[in-house]
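Take a look at the structure set out below.
Number of protein chains: 4
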Amino acid sequence: MIIVLKPNANKAKVDHFLDTLTSHYDVKVNTWVGTQSTVLGLIGDTSSIDIEYVQAQDFVESVKRVQEPYKKANRKFHPDDTVITLPTGQKIGDGSVALIAGPCSVESKEQICGIAQRIKASGATFLRGGAFKPRTSPYSFQGLKAEGLELLREAKKETGLPIVTEIMRVSHLELFEDVDIIQVGARNMQNFELLKELGKIDKPILLKRGLSSTIEELLMSAEYIMAGGNERVILCERGIRTYETFTRNTLDISAVPILKRLSHLPVVVDPSHASGISWLVEPLALAAVAAGADGLMIEVHNDPSHALSDGAQSITPDQFDEVAAKVRTAAKAFGRKVE
Amino acid sequence: MIIVLKPNANKAKVDHFLDTLTSHYDVKVNTWVGTQSTVLGLIGDTSSIDIEYVQAQDFVESVKRVQEPYKKANRKFHPDDTVITLPTGQKIGDGSVALIAGPCSVESKEQICGIAQRIKASGATFLRGGAFKPRTSPYSFQGLKAEGLELLREAKKETGLPIVTEIMRVSHLELFEDVDIIQVGARNMQNFELLKELGKIDKPILLKRGLSSTIEELLMSAEYIMAGGNERVILCERGIRTYETFTRNTLDISAVPILKRLSHLPVVVDPSHASGISWLVEPLALAAVAAGADGLMIEVHNDPSHALSDGAQSITPDQFDEVAAKVRTAAKAFGRKVE
Amino acid sequence: MIIVLKPNANKAKVDHFLDTLTSHYDVKVNTWVGTQSTVLGLIGDTSSIDIEYVQAQDFVESVKRVQEPYKKANRKFHPDDTVITLPTGQKIGDGSVALIAGPCSVESKEQICGIAQRIKASGATFLRGGAFKPRTSPYSFQGLKAEGLELLREAKKETGLPIVTEIMRVSHLELFEDVDIIQVGARNMQNFELLKELGKIDKPILLKRGLSSTIEELLMSAEYIMAGGNERVILCERGIRTYETFTRNTLDISAVPILKRLSHLPVVVDPSHASGISWLVEPLALAAVAAGADGLMIEVHNDPSHALSDGAQSITPDQFDEVAAKVRTAAKAFGRKVE
Amino acid sequence: MIIVLKPNANKAKVDHFLDTLTSHYDVKVNTWVGTQSTVLGLIGDTSSIDIEYVQAQDFVESVKRVQEPYKKANRKFHPDDTVITLPTGQKIGDGSVALIAGPCSVESKEQICGIAQRIKASGATFLRGGAFKPRTSPYSFQGLKAEGLELLREAKKETGLPIVTEIMRVSHLELFEDVDIIQVGARNMQNFELLKELGKIDKPILLKRGLSSTIEELLMSAEYIMAGGNERVILCERGIRTYETFTRNTLDISAVPILKRLSHLPVVVDPSHASGISWLVEPLALAAVAAGADGLMIEVHNDPSHALSDGAQSITPDQFDEVAAKVRTAAKAFGRKVE
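Respectively, the protein sequence lines represent chains A, B, C and D. For the first sequence, this note's numbering puts the final residue at 412, and the numbers step up evenly by one. For the second sequence, this note's numbering puts the final residue at 412, and the numbers step up evenly by one. For the third sequence, this note's numbering puts the final residue at 412, and the numbers step up evenly by one. For the fourth sequence, this note's numbering puts the final residue at 412, and the numbers step up evenly by one.
Given below as structure tokens:
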């Protein structure tokens, strides 16, 4: 951490500040006195020092972190890729392109089982489907809840596809026992109390980037989960909020190679939420593979125009079949592991 | 709701869709057939119709809401200003400028009681202070938690100032019995499960706008609380995330008159979080009063450079005294109720 | 154009407004009177009606365009892809992936000719290089200007590669006679006076999207050029400004398939400016091909660490050779025309 | 400038780089060698060093400016406020709140003279009006051009109000001889060729902030004009582009006190363009005064619903009269100079 002092910094105050710092944190201080300003360099583990605390000192001109504030999620300390392996054998992060597909909301047994069978036939390896749904309006359909989880279980029994579904509340955790990968939605990316609880369990967590979260904030939220002991986190880029209104969100495709470089965690992309438009799913899915994504999360609905939520961005099983085939071709071209 | 059909819309499908709509919702349909396109107008209570469901129909070109999707928060249906009155008499929304002040985090008895006495002397009518703190890093100070709430209680006993403090988790609700106004932080504005629970209790809720939430989304989150039965919601503008990096966030000053026009709920402004810079607190506080805010929420710390969080944006009690005096002058000039 | 009137709209005023509209524009009005509000539908060519003029009427609740405001750039009226063919045979928009490469700034004869030869050997078909440079600071290197154009001409003579370079001022146009494709930079995308002049000449224009321009605004700027008679416009996505600070800009990859759908004009992507980071050039270039881009514009410098501008985002000729090879592999996989 | 080197930085390369720096710029280098990384501190005038050039060195981890890159616009070097005084006596920046008002576009002699007389009676001290209009669509009204300037001259003759109007092209400069303050619009804030020419003339320039320009970029554009010799620049905040769609732009009210602190140049606010909504003009104007603005620029039209442009954001002369009165009351309350 580099701290630039103001020209007229009070020496006694600075010394007192440095004493406090070195007594609380395992850091050493190097001072460089220039002709116009003085620069302090903190050496050691500065990741737990609050940068705002430093900025608040009245003798500080500015502060700059050299070290990233995340450790367990940091590739520097864990150079090898994290590979998430489910008990049933499916992997994310092993060089293949994982295909997670399914409807926005679970609506009925016929719907979820029908879709599960169709996407499995097309090559999907995970089934997604919402049981608890975060909706902007309290008057919108909020999901089938526990019944939705039950239907997902049945679809899993029929197809063998592991389940990915979203949790919205700590007290629901007991209902998620048979869920294979627990999803944290974009709106809850900084629901730190939820993250802490998920850090205590033994299941992979798919963590979606918040609508206006930076890449570093996403990694810090992963760090929350990992700090609790659960290191199986999958990062998900799903579009960020910008001024452009043509798409619902703007897919930040650069986040994929950046996250892969900064962190060892696997990265998947959700082209459906990123765009909100079904005809954009294919080009964005292919772009994600080209950029190095470890997987795709795609909304598929047997009858998008009757979907109880997110119909405008869902593709049909037939369309998914085409997308999956093109994804395989692309994966091969980019030297990815393809079965 | 205005629905523009595609030029080649299939009539049978459209009719089927309209039958579904009119059987589920209390709406009537008016059709206007143009030479190139057909427009449908839905009349009645369309607020619970999911606009995405309509957009997902393959014969729909575009959809436009005429009616706002919020009802209980809507000034159209509640023309009079909502005034929040506490049992101890303090009011928000009655034409006065409420002054809510205090430290980011409660740190000790001396700190919180000392600040409470100072701000009370300067004219503050509410004490804010964080006991549970949402922090980006799991390694940062997370607040004194239950002990912090206890210290707030003591400060209230000493000064009579009602308490405003943030909740982060449904299961903490029982600890908040003596809290006067429960705050929902920006990161939890769309934590719908928390909002639903807060809709069931009988305490005013101060709801902060999310970092990238639209004005309409803020009102929809207020609607979540109100739909549950708790109509005492205070809206809080605290800066939004933009590309500008000089300030931590960008205060959306326009949101104040817009929220006052769209809704009957009181609106307060937090210039401390909006800017993240202590010397901006005064001009932004005055701008908020000029724009019509019902109150201000300001971080005050006896010793900002030793604050355990948010020091850079906190002002001292002496500075608060000056800000409060200028706020009173401004409030008078703008014809606001001043004691 | 759909116009929703306020419930209490004054009939005489509305009639007067409609008389004005129909006498100035070739449109017909259809009125649909609902029980609560009245909707007007304008039929005909509404593209030249100023939507703000309509919104300014005090009896208007809201307005919605059904028709896009651009005509010449609109694929609806020109279903076939525009292919730009240079006199020397190179094409953009014919199904191939055009490779435009070269340094940010032309610095010397050795530099530009050396780079030109290296990129040509790697498969580039166009040479880019800045002679007039838009710089944020008046104290930064502003380009070699006329001398830079002269050096580009020499590089073209040596290699046969057509030249793409940026214009910043109408009065410079005469210097650009030997330039093959004139580039309009992001900061000048809405320099309408420049666009109008470029509409009068007979050279392809590469139009970069402004840092905060919407997709529709980009198309409207293309329309400015095309309205003047020059229909050979190449659109360029080069990253937009968002809150994310890791990258200089955020590549809006969705803009590629959207522009291809809305317009018949070719679309190229500049991964160098989009990210500002050299190690992101390859993954973003491949993502652009996957998303359907007609070409790539890549900064290549023989010695990035001594580049007079934009060194941090430039790749070396060796790195470009690798990127070009991977782009060819990707192009083949996606069924693109590859020589 | 603080430069953090990578842990494994090549010493010979670093030394060569430093030799180059110190031979080109008047700076000295201080080196601080830590146990894990080395930090370089450049002392002297680093404002003309291109930060990207430094970042492009492969041995550089990161760079941080300590010194601002603008000099002539910097309050540090010019502590006193710049006051712009016109030959006719009107001042901007002297502690008063300058009122600049008038229609978006000049439309006819009756219109401009009528409005000029009305706003003068209400206390306006400058007349604004567009003769050359930047419009998103080539098919929209582009202004009366030279004739518009002629009409402005007549309005000035009738009322004595100095004229503020926008220039869009260098070659139009000769037409602007009788214009008192030349405006550079938001879309041309980084039209550096135009800025350079305006630096050579002897007239105050009102420089509007670009839609997505940072505060520092605005100051750098002012620096372009000032570097040419024309130091009479007025900065104008007119709203920035964010994700919020309720308003056309988001007024960045914080920019006012920030610009006043960083620079000695006067700062005016345009609440009309910032919001795009006439009923927001008053609260935003008052907020701007509260935040310390040196002036307001407000669109006034005798008949907004027939305005050829920007009608939705224009207020009537009657409404302006009210706003002006409230601005005076606010100015007094905030201790501003009021006649």
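Where is the CB? At the ideal position from N, CA and C, for every residue including glycine.
Starting from the beta carbon of residue 195 of chain A, find every residue of chain D whose beta carbon is closer than 8 Å, and list them in chain order. Those do not exist, as residue 195 of chain A stays about 35 Å from chain D at its closest Cβ, beyond 8 Å.
For chain A, check one thing: does any of its Cβ atoms lie closer than 9 Å to the Cβ of residue 365 of chain C? yes
Do you know whose CA, among C:210, C:364, C:339 and C:377, lies nearest residue 352 of chain C's CA? C:377
Can you list, in chain order, the residues of the region 144-160 of chain B whose Cβ is nearer than 9 Å to any Cβ on chain F? In the structure shown, chain F does not exist; the protein chains are A, B, C and D.
Give me, in chain order, the residues of the same chain whose beta-carbon lies closer than 6 Å to that of residue 79 of chain A; leave out the 5 immediate sequence neighbours on both sides. 132 and 134
Counting C-beta neighbours from all protein chains within 10 Å, is the total for residue 237 of chain D 16 or more, i.e. buried, or is it exposed? buried
By a C-beta neighbour count over all protein chains shown, 10 Å radius and 16 as the cutoff for buried, is residue 412 of chain D buried or exposed? exposed
The region 333-358 of chain B: which residues have C-beta closer than 7 Å to a C-beta of chain D, in chain order? 348, 353, 356 and 357
Assign residue 372 of chain C to one of three DSSP states: helix, strand, or coil. strand
Does residue 317 of chain A have its Cβ less than 9 Å from a Cβ in chain C? yes
Could you check the C-alpha separation between residue 295 of chain D and residue 148 of chain D for me, to the nearest Å? 13 Å
Does any residue of chain A have a CB that is nearer than 9 Å to the CB of residue 328 of chain C? yes
From this set, C:231, C:263, C:220 and C:380, which residue's C-alpha is nearest residue 205 of chain C's C-alpha? C:220
Does any residue of chain C have a CB that is nearer than 9 Å to the CB of residue 125 of chain A? no
Work out the CA separation of residue 362 of chain A and residue 97 of chain C for me, nearest whole Å. 51 Å
Closer than 7 Å by beta-carbon distance: list the chain B residues that pair up with residue 130 of chain A, in chain order. 378
Any idea what DSSP makes of residue 281 of chain A, helix, strand or coil? strand
What are the partner residues of residue 310 of chain D, as DSSP defines its beta bridges? D:342
For the alpha helix (DSSP H) that contains residue 400 of chain B, what are its first and last residues? 390-406
Given residue 215 of chain C, which residues of its chain have a CB within under 8 Å of its CB, disregarding the five upstream and five downstream residues? 205, 206 and 208
Given residue 137 of chain D, which residues of its chain have a CB within under 6 Å of its CB, disregarding the five upstream and five downstream residues? 75
Give the interface partners of residue 96 of chain C over in chain D, defined as CB-CB distance under 8 Å, in chain order. By Cβ distance, chain D contributes nothing, its closest Cβ being about 14 Å from residue 96 of chain C, past 8 Å.
Just to confirm the assignment, what range does the alpha helix (DSSP H) spanning residue 265 of chain A have? 265-271
Can you give me the Cβ contacts of residue 86 of chain B inside the same chain, cut-off strictly under 7 Å, excluding the 5 residues immediately before and after it? 132
Identify which residue in B:355, B:269, B:191 and B:172 has its Cα closest to the Cα of residue 299 of chain B. B:269
If we require 3 or more residues per run, which beta strand (DSSP E) segments fall completely within the region 91-120 of chain A? 100-106 and 111-117
In whole angstroms, what is the alpha-carbon distance linking residue 119 of chain A and residue 225 of chain A? 44 Å
Less than 9 Å between CB atoms is the rule here; does residue 285 of chain D satisfy it with respect to chain A? yes
Whether residue 126 of chain A touches residue 382 of chain B by CB criterion (9 Å): yes
Quick check on the burial criterion: 16 or more other C-beta atoms within 10 angstroms. Buried or exposed for residue 150 of chain A? exposed
How big is the Cα-Cα spacing for residue 231 of chain D and residue 373 of chain D? 18 Å
From B:315, B:229 and B:222, pick the residue whose C-alpha is nearest to that of residue 240 of chain B; which is it? B:222
Can you have a look at residue 302 of chain B and say buried or exposed, based on whether 16 or more other CB atoms are within 10 angstroms of its CB? exposed
What does DSSP give as the partner residue(s) for residue 238 of chain D in the beta ladder? D:255
Using only the alpha-carbon positions, how far apart do residue 334 of chain C and residue 104 of chain B sit? 30 Å
Which residues in the same chain have their Cβ closer than 7 Å to the Cβ of residue 184 of chain B, if we skip the five residues on either side of it in sequence? 176 and 375
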